[in-house]
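One structure below.
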Amino acid sequence: MLISQNWITSLLRNAGNDGWSVTAEELDAGFVRVGFETEGFEPLPETTGPLVVGRVLEIEELEGFKKPIRYCQVDVGDANGTGEPQGIICGARNFAVGDLVVVSLPGAVLPGGFEIAARETYGKISDGMMASEAELGFTSKSEGIIILDTDSARPGMDAREVLGGSDVVFDVNVTPDRGYALSARGLTREVASAFGLRYRDVAADPAVAGIDTSAVPAPTGELLGITVEESTKAQRFGLRKVENIDPAAQAPFWMKRILMLSGVRSVNAATDVTNFVMLLLGQPMHAFDADKIAGDLRVHNAAGGETFETIDHQKRTLTSNDVVISDDNGIQSLAAIMGGTTSEISESTVNVYFEAATWDALTVARSARHHKLSSEASRRFERGVDPALVEVALDIACALLADIAGGTISDKRTLVGAVPERAAIEMAVSRPSELIGVEYPRETVVRRLEEVGCRVEGNGDTVMVLPPSWRTDITVPVELVEEIVRLEGLDDIPLELPAPRGGRGLSPAQRRRRAATHALAYSGYVEVIPTPFIANDTFDVWGLDPEDARRRTVTVQNPLDKDYGILGTTVLPSMLDALGRNVARGRHDVALYSVAQVAFARAEESPLPSVDKRPSDDTVRELVESLPEQPLHAATVASGNWEIAGPWGAGRAYTWADAVESARVVAQAAGVELGVQAASVRPWHPGRCAALTVGGVGGVVVGYAGELHPEILEALELPVRTCAMELDLSALPFDAHLPAPVLSSFPALNQDIALVVDEDVAAESVRRAVEEGAGELVETVRLFDVYRSEHLGEGKKSLAFGLVFRAGDRTLTEDEASAARLNAARLAEERFGAQMRA
């Protein structure tokens, strides 16, 4: 909000702080001290040299020029050294004989370095210039010259005394929760707190602003019928009337000055009064030409599709969310935002209705944004306006207009709605000290709350605090604490860093995650950070069954991309997208990994408890149970060569076995041993897919690895033979560990066994059978060769295993090892029909 330092100083001096004055820098620091930052401050440009008051004695209309020109005789007293009238050329039309004006005599220098000198123009000698507001730096644009009040000025006196002297304009940054501060009333309250001054509320005592409302008659009846429909959510609506004003009357310069320095254009007396009251109190108002209002008024929601022309002469199409004020002729105002052309104040207006109301903040904000029409009024209503100001604002506006333009104030008034009661807030007196860590005595707590405008009751450990009507942002104890701390000064809070407690290092889950990422990186994979969102049709492309657990997704209500509106239950879709981008850019040998959370929905919807109080324990439990399950997954995706071709060799393509090995790398880093068995799960190739298990044979499946299905690769435009692995890292048990190595002083015996089995028999299944059949003497069983030949027969393969035998208490003989080897062969024969090769 723009506000002049002189106005603030004047209001505070009138409140009982005689002679109080600060520099602009000190006032700026004062604003900051109570929590209001400023965007800066600018002094008014100065005019040097003779700037005096003059009275227009004669006006000669010069003819024969392209625009109207006047040659005026102006009495400037003795300021010109002769006492004779000063001849001045002027093109403005807003003054008449007898008006007091501001005259810059030769030798004066106006803002911008414009020097005044006697010069011949339009066939006359112009011995000075009658100045406008723009020429003296009050505003950027003005229509006509300055007309001064006859009661406060006389010809020849220094005009600076009448114009208000030097001044500084502050741009105060008012946060959205402090709408009361968009007014001189609110800002002077804050400045009084910042400098420890007395404060008198101008709403309770208009004399603080030099306004006399004693002539405003007490209301004796209803002025006009008003119907306020409940759907508008309007709290209050008031109306008063001033009759038989002088339509040519203009607002006094002191009022125009305040308006101009606050960034508001002067229009006419009635409109200027409403804008001044808005700047003074923070209560926006509207002035209607009373003779253009037909019948009673109705406050209601517009019918969708209606058109309405606002006073900026723009025709607007209204919606059913817009609140309007209508009479028998139709809509007269877009409530809280802008009036209409039908009943606006004109040069012939003699009877004026002043309207003041309290509108619903959300409704106003929605309409202002829809129509792209942010006005000074809507800005205040959006942030909340004091509902107790309606009567005060109407009385002040009527008193000011009657004083400026004459007329009679009607003793009738229409007032609908009451000031809503504020709920008292219970707060422990010790609460501010407990929260902030600074001792605030009881006297300080009470004094600061009363300074804000609260009523404090109670003498015990707790007090009941009734917030004022203008502080709609204060509803809970912590907001009271904020006010106390703000006014006492944030700088008084000591800056003490808390002493850190000794850390216990990473949690087991954090160590596991770090170990897995490091292991995959050291193995040659490159990390990607997958997006949590996946395409809506991902699982349809994959061909997953409707009952597949991976379809239990969480839908995003407001996705960044409507085609990617669900949270992934797998990290593979995002990784396959990354692989596709690399391949499209010419990188065909790619191996990626990621460790990230996925999300499985656990409930169709979550409860939406009220925010005005803490939800019950049952509701909290229901909320927690409705949150998605978010396990941590590790995954790899690769295509092309795993070993690059070069002078050292032909290279080797990445295969499903490498994908399985990447899972073993993760499991080993987590201290878990994985089992591998054949599986058929989308999106993997049914004949080249392995299920990853923990807990031995028939254990819990924690992931899958292998070559992806050709149909899916074709749909995603990925290279053939692309392989992938995904492992639920959260499902790996923390208590599992690799077998501790046993050191023995006895030598080991190595024997090999080759078994011929059917092609569809898994090598891992045969290995387990060999390990079981060899008994406790076998230390390791490792597959080292797979051989196929026509000599073996069609559909057959030979699996060669290396067996290491060792006894912990003696040296084994070859016969003992051979016997164990034969037992292994027999068990493999029983289970798979395996035959030993010589």
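Everything in the sequence shown is counted per the working numbering, starting at 180 for the first residue and increasing by one.
No residue lacks a Cβ here, since even glycine has one placed at the ideal position from N, Cα and C.
{"Check": "Is GLY585 helix, strand or coil when you go by DSSP?", "Outcome": "coil"}
{"Check": "Sorted by chain position, which residues of the same chain lie with C-beta nearer than 8 Å to GLY270's C-beta, five sequence neighbours on each side aside?", "Outcome": "LYS246, PRO247, ILE248, ARG249"}
{"Check": "Extract the residue ranges of the alpha helix (DSSP H) inside the segment 702 to 761, only unbroken runs of 4 or more that lie entirely within it.", "Outcome": "717 to 721"}
{"Check": "Closer than 8 Å by C-beta to GLY519: which residues in its own chain qualify, once you throw out the five before and the five after it? Chain order, please.", "Outcome": "PHE487, GLU488, THR489, ILE490, ILE510, GLN511, SER512, LEU513"}
{"Check": "Within this structure, are the beta carbons of CYS902 and LEU892 separated by less than 8 Å?", "Outcome": "no"}
{"Check": "Quick one: residues in its chain with C-beta nearer than 6 Å to the C-beta of LEU579, no 5 flanking neighbours on either side, listed in chain order?", "Outcome": "VAL452"}
{"Check": "Is the number of C-beta pairs between the segment 335 to 348 and the segment 181 to 194 that are closer than 8 Å three or more?", "Outcome": "yes"}
{"Check": "Distance, Cα to Cα, ALA1007 vs GLU969?", "Outcome": "22 Å"}
{"Check": "Where in the segment 864 to 930 do unbroken runs of the beta strand (DSSP E), each at least 3 residues long, occur, reported from the N-terminal end onward?", "Outcome": "879 to 887, 902 to 907"}
{"Check": "With DSSP collapsed to three states, give me the class of CYS251.", "Outcome": "strand"}
{"Check": "Using a 10 Å radius around the Cβ and a threshold of 16 neighbouring Cβ atoms, would you call TRP827 buried or exposed?", "Outcome": "exposed"}
{"Check": "Runs of 4 residues minimum, wholly inside the segment 352 to 422: which ones carry the alpha helix (DSSP H) assignment?", "Outcome": "363 to 374"}
{"Check": "Closer than 6 Å by C-beta to VAL395: which residues in its own chain qualify, once you throw out the five before and the five after it? Chain order, please.", "Outcome": "ASP574, CYS577, ALA578, ILE588"}
{"Check": "What residues are listed by DSSP as bridge partners for ASP964?", "Outcome": "ALA979"}
{"Check": "Could you pull out every unbroken alpha helix (DSSP H) segment of at least 4 residues lying fully inside the segment 267 to 343, listed in chain order?", "Outcome": "338 to 342"}
{"Check": "Please list the terminal residues of the continuous beta strand (DSSP E) segment that includes GLN1052.", "Outcome": "Nothing in the structure corresponds to residue 1052, since the chain is present only between 180 and 1017."}
{"Check": "Which of the three DSSP states is assigned to ALA846 in this structure?", "Outcome": "helix"}
{"Check": "Name the one or two DSSP bridge partners that PHE984 has.", "Outcome": "LEU928, VAL957"}
{"Check": "Assign GLY563 to one of three DSSP states: helix, strand, or coil.", "Outcome": "coil"}
{"Check": "Given ALA915, which residues of its chain have a CB within under 8 Å of its CB, disregarding the five upstream and five downstream residues?", "Outcome": "Its pLDDT being 46, under 50, ALA915 is placed unreliably by the model, and nothing is read from it."}
{"Check": "What are the boundary residues of the beta strand (DSSP E) that PHE215 is part of?", "Outcome": "Unbroken run through PHE215: none, as it is neither H nor E."}
{"Check": "I'd like the list of long-range same chain contacts for GLY952, defined as Cβ closer than 6 Å, with 5 residues on each side in sequence excluded.", "Outcome": "ASN1002, ALA1003, LEU1006"}
{"Check": "Report the option in LYS303, GLY277, VAL255 whose CA atom is closest to the CA atom of LEU284.", "Outcome": "VAL255"}
{"Check": "For GLU239, report the span of its alpha helix (DSSP H) as first-last.", "Outcome": "Not the alpha helix (DSSP H): GLU239 falls in the beta strand (DSSP E), residues 230 to 241."}
{"Check": "Going by DSSP, what residue range makes up the alpha helix (DSSP H) through ILE437?", "Outcome": "432 to 440"}
{"Check": "Quick check: the Cα distance between GLN689 and MET606, rounded to an integer number of angstroms?", "Outcome": "42 Å"}
{"Check": "For ARG621, count the other beta carbons within 10 Å of its own beta carbon; 16 or more makes it buried, fewer makes it exposed. Which is it?", "Outcome": "exposed"}
{"Check": "For THR188, report the span of its alpha helix (DSSP H) as first-last.", "Outcome": "184 to 193"}
{"Check": "Measuring CB atoms only, is the segment 426 to 441 touching the segment 608 to 628, in the sense that at least three cross pairs come out at less than 8 Å?", "Outcome": "no"}
{"Check": "Which parts of the segment 639 to 668 are runs of the beta strand (DSSP E), unbroken and 3 residues or longer, counting only runs that do not cross its ends?", "Outcome": "641 to 645"}
{"Check": "If we call anything under 8 Å between Cβ atoms a contact, is GLU481 one with SER499?", "Outcome": "Going by the sequence as given, residue 481 is Ala instead of Glu. Yes, they are a contact pair."}
{"Check": "For ALA427 and ALA448, I'd like the C-alpha separation in whole angstroms.", "Outcome": "8 Å"}
{"Check": "What residue range does the alpha helix (DSSP H) around ALA536 cover?", "Outcome": "Careful: ALA536 lies outside any alpha helix (DSSP H), inside the beta strand (DSSP E) at 531 to 537."}
{"Check": "State buried or exposed for ARG967, treating a residue as buried only when at least 16 other CB atoms are found within 10 Å of its CB.", "Outcome": "exposed"}
{"Check": "Give a yes or no on contact between the segment 218 to 235 and the segment 334 to 341, applying the rule of three or more CB pairs nearer than 8 Å.", "Outcome": "yes"}
{"Check": "Between which two residues does the beta strand (DSSP E) holding GLU488 run?", "Outcome": "486 to 488"}
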